[in-house]
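Peer 1: Going line by line, the protein sequences match chains A and B.
Residues in the first sequence are numbered from -15 upward in steps of one, following the working numbering.
Residues in the second sequence are numbered from -15 upward in steps of one, following the working numbering.
Number of protein chains: 2
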Amino acid sequence: MNYPLFEKHRARLEQATEALRTRGYWSAFAEMPSPKSYGETAAADGKRAFEAHLGKTFELAQPGVTGTHAGERSPYGIQLEVAYPVSDPEALIEAALAAMPAWNRQGAEGRCGILMEALDRLNRRSFEIGHAVMMTTGQAWMMAFQAGGPHAQDRGLEAVACAWREQAAIPGMAVWEKPQGKNPPIRMEKHFEIVGRGVAVVIGCGTFPTWNTYPGVFAALATGNPVIVKPHSNAILPAAITVSVIREVLAENGIDPNVITLAVAPQRTATQILATHASVKSVDFTGSNQFGNWLIENCRQAQVYAELAGVNNVVIESTDAYRAMLKNLAFTLSLYSGQMCTTTQAIIVPSQGIATDEGHKSFDEVAADLAAAIDAFVADPKVAHAVLGAIQSQDTARRIDEAHQYAEVLLPSRKLVNPEFPAADVRTPMLLQCDARDEAAYMTERFGPISFVVKAGNAQAAIELAERITRDHGALTAGIYSTSAEFVDAMVQATWRTKVALSINLTGAIFVNQSAAFSDYHGTGGNPSANASYADSAFVANRFRVVQRRVHA
Amino acid sequence: MNYPLFEKHRARLEQATEALRTRGYWSAFAEMPSPKSYGETAAADGKRAFEAHLGKTFELAQPGVTGTHAGERSPYGIQLEVAYPVSDPEALIEAALAAMPAWNRQGAEGRCGILMEALDRLNRRSFEIGHAVMMTTGQAWMMAFQAGGPHAQDRGLEAVACAWREQAAIPGMAVWEKPQGKNPPIRMEKHFEIVGRGVAVVIGCGTFPTWNTYPGVFAALATGNPVIVKPHSNAILPAAITVSVIREVLAENGIDPNVITLAVAPQRTATQILATHASVKSVDFTGSNQFGNWLIENCRQAQVYAELAGVNNVVIESTDAYRAMLKNLAFTLSLYSGQMCTTTQAIIVPSQGIATDEGHKSFDEVAADLAAAIDAFVADPKVAHAVLGAIQSQDTARRIDEAHQYAEVLLPSRKLVNPEFPAADVRTPMLLQCDARDEAAYMTERFGPISFVVKAGNAQAAIELAERITRDHGALTAGIYSTSAEFVDAMVQATWRTKVALSINLTGAIFVNQSAAFSDYHGTGGNPSANASYADSAFVANRFRVVQRRVHA
Chain A
-15 MNYPLFEKHR
-5 ARLEQATEAL
5 RTRGYWSAFA
15 EMPSPKSYGE
25 TAAADGKRAF
35 EAHLGKTFEL
45 AQPGVTGTHA
55 GERSPYGIQL
65 EVAYPVSDPE
75 ALIEAALAAM
85 PAWNRQGAEG
95 RCGILMEALD
105 RLNRRSFEIG
115 HAVMMTTGQA
125 WMMAFQAGGP
135 HAQDRGLEAV
145 ACAWREQAAI
155 PGMAVWEKPQ
165 GKNPPIRMEK
175 HFEIVGRGVA
185 VVIGCGTFPT
195 WNTYPGVFAA
205 LATGNPVIVK
215 PHSNAILPAA
225 ITVSVIREVL
235 AENGIDPNVI
245 TLAVAPQRTA
255 TQILATHASV
265 KSVDFTGSNQ
275 FGNWLIENCR
285 QAQVYAELAG
295 VNNVVIESTD
305 AYRAMLKNLA
315 FTLSLYSGQM
325 CTTTQAIIVP
335 SQGIATDEGH
345 KSFDEVAADL
355 AAAIDAFVAD
365 PKVAHAVLGA
375 IQSQDTARRI
385 DEAHQYAEVL
395 LPSRKLVNPE
405 FPAADVRTPM
415 LLQCDARDEA
425 AYMTERFGPI
435 SFVVKAGNAQ
445 AAIELAERIT
455 RDHGALTAGI
465 YSTSAEFVDA
475 MVQATWRTKV
485 ALSINLTGAI
495 FVNQSAAFSD
505 YHGTGGNPSA
515 NASYADSAFV
525 ANRFRVVQRR
535 VHA
Chain B
-15 MNYPLFEKHR
-5 ARLEQATEAL
5 RTRGYWSAFA
15 EMPSPKSYGE
25 TAAADGKRAF
35 EAHLGKTFEL
45 AQPGVTGTHA
55 GERSPYGIQL
65 EVAYPVSDPE
75 ALIEAALAAM
85 PAWNRQGAEG
95 RCGILMEALD
105 RLNRRSFEIG
115 HAVMMTTGQA
125 WMMAFQAGGP
135 HAQDRGLEAV
145 ACAWREQAAI
155 PGMAVWEKPQ
165 GKNPPIRMEK
175 HFEIVGRGVA
185 VVIGCGTFPT
195 WNTYPGVFAA
205 LATGNPVIVK
215 PHSNAILPAA
225 ITVSVIREVL
235 AENGIDPNVI
245 TLAVAPQRTA
255 TQILATHASV
265 KSVDFTGSNQ
275 FGNWLIENCR
285 QAQVYAELAG
295 VNNVVIESTD
305 AYRAMLKNLA
315 FTLSLYSGQM
325 CTTTQAIIVP
335 SQGIATDEGH
345 KSFDEVAADL
355 AAAIDAFVAD
365 PKVAHAVLGA
375 IQSQDTARRI
385 DEAHQYAEVL
395 LPSRKLVNPE
405 FPAADVRTPM
415 LLQCDARDEA
425 AYMTERFGPI
435 SFVVKAGNAQ
445 AAIELAERIT
455 RDHGALTAGI
465 YSTSAEFVDA
475 MVQATWRTKV
485 ALSINLTGAI
495 FVNQSAAFSD
505 YHGTGGNPSA
515 NASYADSAFV
525 ANRFRVVQRR
535 VHA
């Protein structure tokens, strides 16, 4: 067969595959929302396109529509009122199964070509998607554009490249010729068909509706599976745009668009019915431990790829760049008001304090200086709003309100008024301090801008605590500040046991909560915070099967 | 680090990796037990080495030994009386965990070098292992040598190559340099450490103690996991020899030999305690549905790779080589008395009969001719003994005795006396016939030399039945005989849905129950007979994690 879209995007796919092999810096999509990259009118066009969705019914032409559902509440307080078609789950499954054989027959080349074209189209709609992400999640604009647009697209492309690499390693056919001494050889012709496992369900979260969804969507599609996207009930619009773009590319290429559909499920029971359906063979999930573990426990018919909660931690043992360290941490804790699955929650400091380039700092000084650094960082309202965004959910707002009960307050959270969005719930980060023994306070995820400076008996105890937190409660990120190579090495070895990505002595413009596609693995899949990684070969290899046939040649 | 064993075996590893990429014929180990390949004295030396184990205690120098256990019953009726050390499961786990960090630090190169050296040593002991396999499983000599020795070693090497390919795709380090316009780039140095998931338990079966065990053992070891081998209680010797050889190579290279240990567990509860242990992160299993499903249900802390039972099936619609087809099937049904997980059980024939190169054959003619072909094949006692071997378990013997109750007997099973081993329980294949509706008869695995000619309404119904059997009960192999390209294509498409390997019109020296390493995938992992395949990338990719660290460069 001939796959013009594969040929069109082949060079980029090869670059992406090479980037995975070397893991240096590489990105396919421009991260700056500049006219140079996106065109002079892109910003205005994208905003208009976003606004055109508001107050309307989002058309998807899906099967089994039983009604519509609206109800997204913008953390910025604007009225969204987009109504989405609600499809009967059984109808979506049937449509997915009907679309699957032809999708399989496209082969890896056909599928990758179409998916890369879709990623290109999504990229061109990054402003529209950025606004949709911003207004549904409460992210500030720059993050919403970058993480919601180009960075999410990069993660999607990474999944495609990873899936491509695994599938390209399997030949379509082979001639097997076994020598028989003086007799003629035995010759068999063998064909190897790659087939998807079955229907894939991808369940999105409320904070990163594209970044955390694209890996599963594109990995499942690239390996031959039809996908049903079940977005978080408060972040449907970014998913709906994504699904509509992919459906459009499918239809243009003569493929049943029901290879991907949107499941708007106002009730959790509808999601449960979908995820446990016998025809569903994989479930990708980002969200709470509670529902994630329910899925793992109950979706026995499917492979579940789950990113759950954790208690991300940083150990501070010593530093030769005290101010830069504090600034780096202050930014990490402020970014999107700590509403990232990678934000540090426990900052572990030895009770004796630490050696720094500004002399010895006691535990109390470190704690107070960090509080001051955060306070200074969010002092300028312009900076604060550009970084904090708004509080995504009322649960997070409630946690902030209650947090003073957890431990001693070093820095209270303040409410800010965003002049552009007066109804937005904007909060500055809250910093608490406690003893390592006060496990009830800090050793459970406190999602949002709530962090703890935790006092450990000594430096060795700090590492041991970090290791235990990660082993028992999980972590997507860990950090270490130390000028001792030996101490860093001890922390490195601890992370090999607990399987968590480590950032060492971050003092510049890289932050522990950032993860770059094609280079940083997001999660390892080896501790309770996630059972999968964006994107290693395990993330794609189990999504397809090879079915062979052989015949005498 | 420097890995001399990796350098020693690098060329072969590259050949093996290339073989996986092309899937043509390739084998690393000579399959004929000839002096030319193995040396003039190899046969006699190997037999002597096997005999030297009998009546003795097998020394392994393992930790936590609480006593010894003997009790293997040879299907050939000879006295084995080998006593094996029984180690406390907790002691084996602790020893495995203690050995794991240094095994991880060997990296993929270090591990693959050592494992390939071990495979070489195992190959040199193929005669000894062949006798051990023959005498514990009841396989005839040629199969015991080939499947137990070189073919098992090839499957082990295949797993190593597969694991190597996945790990070699991950760079040890990278410099990540992100351009910043006119400012200097941000530079990060990143390191990527491959770490095993944890302790691996590999549970062997009674019929193929090496062939079905080596893939899991070598895949787990190659990806950084210590392995505890739990052999079937009646096929311990081949596993014990294997473990001792690998331990020897580890120790010679300064590595803690407890990277691999043998768990002789006379009680199933001991195996259950081992497999459900919190430190055990993978379980490889070959055996019954009952215990396999128990493992899948209960080993929630581990990834379970299970090969279970199925109902392998062949559809006969038409043929242009009637006699050759019958001969091919007769051999398939006779080989190791049908005690292969790949042996055909249901031979589905349309009620109207089939077109052949000898004219139309009615259903009854096909059934009778197949019975006659089997009878003729086992008529010569020399051929019969060389192919049938002996009945491995008393359960199988009981099933043969009871099989006449299941359906109408086309060919009864006969007991043969093997003059060399008068106490061996030797049985010829039993062929029954029934209607497709008699599902209770043929639609459950009847392990052993018991097969059914099943009468389907018509050719289309035959395919539909084959599809349903595989979908609901699983199959590792399927076959089709047809001269119609259209009909073959319909069967091919059915196998894509049920995910089973298909053999088309086998009439020569290749049989549906044979699977060659580096070319044939054994199982697809996509139907109830197995959730994994020897060996695709899914078989190795989830056995390790990548833990990264990054620091400003």
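Here a beta-carbon is modelled for each residue, glycine too, at the ideal position from N, C-alpha and C.
(1) Roughly how many whole angstroms lie between the Cα atoms of B:Val117 and B:Gly140?
(2) Entirely within the stretch 321 to 372 of chain B and at least 3 residues each: give me those beta strand (DSSP E) ranges in chain order.
(3) Locate the beta strand (DSSP E) running through B:Thr(-6), then write down its first and last residues.
(4) Name, going along the chain, the residues of the stretch 486 to 511 of chain A whose beta-carbon falls closer than 8 Å to a beta-carbon of chain B.
(5) Quick check on A:Asp240 - is its C-beta less than 8 Å from some C-beta in chain B?
(6) Look at the Cβ atom of B:Val298, then the Cβ atom of B:Val484, and state whether they are nearer than 8 Å.
(7) Run the CB neighbour count on B:Gln90, radius 10 Å, all protein chains shown included, and call it buried at 16 or more, exposed below.
(8) Pull up the DSSP beta-bridge partners for A:Tyr465, would you.
(9) Rounding to the nearest angstrom, what Cα-Cα distance links A:Thr255 and A:Ala247 in this structure?
(10) Mind listing which residues of the stretch -6 to 15 of chain B have their C-beta closer than 7 Å to chain A's C-betas, in chain order?
(11) For B:Val267 and B:Ile187, which I take to be in contact (beta-carbon distance under 8 Å), what is that distance rounded to the nearest angstrom?
(12) B:Asp138 lies in the alpha helix (DSSP H); which residues open and close that run?
(13) With distances taken from CA atoms, which of A:Leu221, A:Trp278, A:Val437 and A:Tyr518 is nearest A:Arg57?
(14) Drop a sphere of 10 angstroms on the beta-carbon of B:Val201, count the other beta-carbons inside from all chains shown, and report buried for 16 or more, exposed for fewer.
(15) Against chain B, which members of the stretch 170 to 189 of chain A pass a CB distance test of less than 8 Å?
(16) Would you tell me roughly how many angstroms separate the C-alpha atoms of A:Ala54 and A:Ala67, rounded to the nearest one?
(17) According to DSSP, is A:Thr260 helix, strand or coil?
(18) When DSSP labels each residue in this structure, what does B:Leu205 get in the three-state scheme?
(19) Assuming B:Leu(-11) contacts B:Asn312 (C-beta within less than 8 Å), just tell me the rounded distance between them.
(20) Run through the stretch 449 to 521 of chain B for me and flag every whole beta strand (DSSP E) of 3 or more residues, listed as ranges in chain order.
(21) For B:Thr560 versus B:Gly271, is the C-beta spacing smaller than 8 Å?
(22) Which residues of chain B have a Cβ atom closer than 8 Å to the Cβ of A:Pro155, listed in chain order?
(23) Return no unless some Cβ of chain B is closer than 8 Å to the Cβ of A:His536.
(24) So, does the CB of B:Glu150 fall closer than 8 Å to a CB anywhere in chain A?
(25) Beta-carbon separation of A:Asp371 and A:Thr412 under 8 Å?
(26) Report yes or no: is there a C-beta of chain A within less than 8 Å of the C-beta of B:Ser521?
(27) Going by C-alpha to C-alpha distance, which of B:Leu64, B:Arg5, B:Thr461 and B:Ala262 sits closest to A:Gln532?
(28) Using a Cβ-Cβ cutoff of 9 Å, what residues of the stretch 123 to 142 of chain B are near chain A? List them in chain order.
(29) Chain B beta carbons: is any one of them nearer than 8 Å to that of A:Glu291?
(30) Taking 8 Å as the cut-off, decide whether the C-beta atoms of B:Ala102 and B:Val233 are in contact.
(31) Less than 7 Å between the CB of B:Leu4 and some heavy atom of the ligand MN, yes or no?
(32) Does DSSP put A:Leu246 in a helix, a strand or coil?
(33) Alpha carbons only, please: which of A:Ala351, A:Phe431 and A:Trp480 is nearest the one belonging to A:Glu451?
(34) Using the beta-carbon of each residue, which ones in chain A are nearer than 8 Å to B:Lys483?
(35) Counting only beta-carbon atoms, is A:Thr454 nearer than 8 Å to chain B?
(36) Cβ closer than 8 Å: which chain B residues qualify as neighbours of A:Glu161?
Peer 2: On the basis of the supplied data:
(1) So the two alpha carbons sit approximately 16 Å from each other.
(2) Segments of the beta strand (DSSP E) lying fully in the stretch 321 to 372 of chain B: 330 to 334, 338 to 340 and 343 to 345.
(3) The question names Thr, yet the displayed sequence has Arg at residue -6 of chain B. Not the beta strand (DSSP E): B:Arg(-6) falls in the alpha helix (DSSP H), residues Pro(-12) to Thr6.
(4) Result list: Leu486, Ser487, Ile488, Asn489, Leu490, Thr491, Gly492, Ala493, Ile494, Ala500, Ser503, Asp504, Tyr505, Thr508, Gly509 and Gly510.
(5) By the rule that beta-carbons nearer than 8 Å mark a contact, A:Asp240 does not touch chain B.
(6) Their beta carbons are not under 8 Å apart, which means B:Val298 does not touch B:Val484 by this criterion.
(7) Buried is the call here.
(8) Under DSSP, the beta-bridge partners assigned to A:Tyr465 are A:Ile300.
(9) Linking A:Thr255 to A:Ala247 through their CA atoms gives a straight-line distance of about 8 Å.
(10) Within the stretch -6 to 15 of chain B, the residues whose Cβ lies closer than 7 Å to some Cβ of chain A are Arg5, Thr6, Arg7, Gly8 and Tyr9, listed in chain order.
(11) With a beta-carbon spacing of about 7 Å, B:Val267 and B:Ile187 fall inside the 8 Å limit used to define contacts.
(12) For B:Asp138, the enclosing alpha helix (DSSP H) starts and ends at Pro134 to Ala152.
(13) It is A:Leu221.
(14) By the beta-carbon neighbour count (other beta carbons within 10 angstroms, threshold 16), B:Val201 is buried.
(15) From the stretch 170 to 189 of chain A, only Ile170, Met172, Lys174, Phe176, Glu177, Val179 and Arg181 have a Cβ closer than 8 Å to chain B.
(16) C-alpha separation (whole angstroms): 4 Å.
(17) A:Thr260 falls in the coil class under three-state DSSP.
(18) If DSSP states are grouped into helix, strand and coil, B:Leu205 belongs with the helices.
(19) No, B:Leu(-11) and B:Asn312 are not in contact; Cβ-Cβ is about 42 Å, not under 8 Å.
(20) If we require 3 residues or more, the beta strand (DSSP E) runs fully inside the stretch 449 to 521 of chain B come out as 461 to 465 and 485 to 488.
(21) Here chain B has residues from -15 to 537 only, and residue 560 of chain B is not among them.
(22) In chain order: Arg5, Thr6 and Arg7.
(23) Yes, contact with chain B.
(24) Output row for B:Glu150: interface = yes.
(25) Here the sequence assigns Val to residue 371 of chain A, which means Asp is not the residue at that position. No.
(26) Interface residue (Cβ-Cβ distance to chain A less than 8 Å): B:Ser521 is classified as such.
(27) Relative to the Cα of A:Gln532, the nearest Cα in the group B:Leu64, B:Arg5, B:Thr461 and B:Ala262 belongs to B:Thr461.
(28) Within the stretch 123 to 142 of chain B, contact with chain A at the beta-carbon level (separation under 9 Å) is assigned to no residue.
(29) Residue contact with chain B for A:Glu291: absent (no Cβ-Cβ distance below 8 Å to any residue of chain B).
(30) It is a contact, given that the beta carbons lie within the stated cut-off.
(31) This structure lacks the ligand MN, and indeed carries no ligand of any kind.
(32) In the structure shown, A:Leu246 sits in a strand (DSSP, three-state: E or B).
(33) Per the C-alpha coordinates, the member of A:Ala351, A:Phe431 and A:Trp480 positioned closest to A:Glu451 is A:Trp480.
(34) By Cβ distance, chain A contributes Val179, Arg529 and Val531.
(35) No, its Cβ sits nowhere closer than 8 Å to a Cβ of chain B.
(36) Result: Gly8 and Tyr9.
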